[in-house]
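Numbering (our numbering), first residue to last: 232 to 491.
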């Protein structure tokens, strides 16, 4: 609560300060590149500075979208180390992000990634529109700069081939799913069972299905410790998210997919 109040207070203070120092001039073109996510999954929004006239170093960005369909859960500015993130705040109409620059303007390219959790009630095949609210920026001299922001919609799309451990197919590995892999690990060997939650069983039976995605090297119908730890690596990623990655050891990588 205190953090949200601080964000509101800082946003209000910056807005008043911008008005006092003079009117805004043209300053920044920003494009927000969105990734798709399944219902219940995590979408990434990459904020890309396309053109930064007069060196923007501070941003107040407001995005508006259907908050019944998604909400912001995390933010990352590691791609732009000069930025110091203050915070983000979910609102009734979307989200507000305030960022401040240290001693140099933000350069072109991706400078921020915002992660959004898509509601489980969202429907696969729909798109969630994102529009610019009252966004602005400032240069190192604290002169307000207008922001021309365009944003991709977030496509809601079920995964075509979720990880074997992702029993509900939401692109995330939760604790119950980790415990299921622990069960397979403790069983010493696993078999095929099309009636189970993940298509496998520790009860002796047929082996006429595809190997578990965690059964890596080489597949031998067992989940060993290193393969269990791979599952925990997914679980420890942001909100347990993972995404397809052809170059990965198992065809996946921890964390949400990125748009750039």
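Built from N, CA and C at the ideal position, the CB exists for glycine as well.
The residue among 330, 365, 391 and 435 with its C-alpha nearest the C-alpha of residue 269 is 391. Going by beta carbons, residue 490 and residue 469 fall outside the 8 angstroms limit.
Judged by beta-carbon spacing, residue 276 lies within the 8 angstroms limit of residue 345, meaning their Cβ atoms are closer than that value.
Annotation: the continuous beta strand (DSSP E) that includes residue 340 extends over 340-349. Bridge partners of residue 466 according to DSSP: none are assigned. Sequence-distant Cβ neighbours of residue 428 in its own chain, meaning closer than 6 angstroms and more than five residues away, are 398. Buried is the label assigned to residue 375, since at least 16 other Cβ atoms lie within 10 Å of its Cβ. The Cβ atoms of residue 416 and residue 436 do not sit closer than 8 angstroms to each other.
Following the DSSP letters along the chain, one finds residue 379 inside the beta strand (DSSP E) bounded by residues 375-382.
Taking 8 angstroms as the cut-off, the beta carbon of residue 426 is found no closer than this to the beta carbon of residue 368. Taking the C-beta atoms as reference points, residue 385 is found nearer than 8 angstroms to residue 349. Residue state for residue 438 is assigned as coil, using DSSP reduced to three classes. Linking residue 280 to residue 411 through their CA atoms gives a straight-line distance of about 43 angstroms. Take the alpha-carbon of residue 481 and the one of residue 306: they are about 27 angstroms apart. With respect to residue 361, residue 294 sits close: the two C-beta atoms are nearer than 8 angstroms. Under the DSSP assignment, residue 475 falls in the beta strand (DSSP E) whose first and last residues are 473-475. A direct Cα-Cα distance of roughly 7 angstroms separates residue 261 from residue 282.
Classified as buried, residue 446 has 16 or more neighbouring CB atoms from the shown chains inside 10 Å of its CB. Of all alpha-carbon atoms in 414, 488 and 471, the one lying nearest the alpha-carbon of residue 477 is that of 488. Around the beta carbon of residue 403, 16 or more other beta carbons lie within 10 angstroms, which makes this residue buried.
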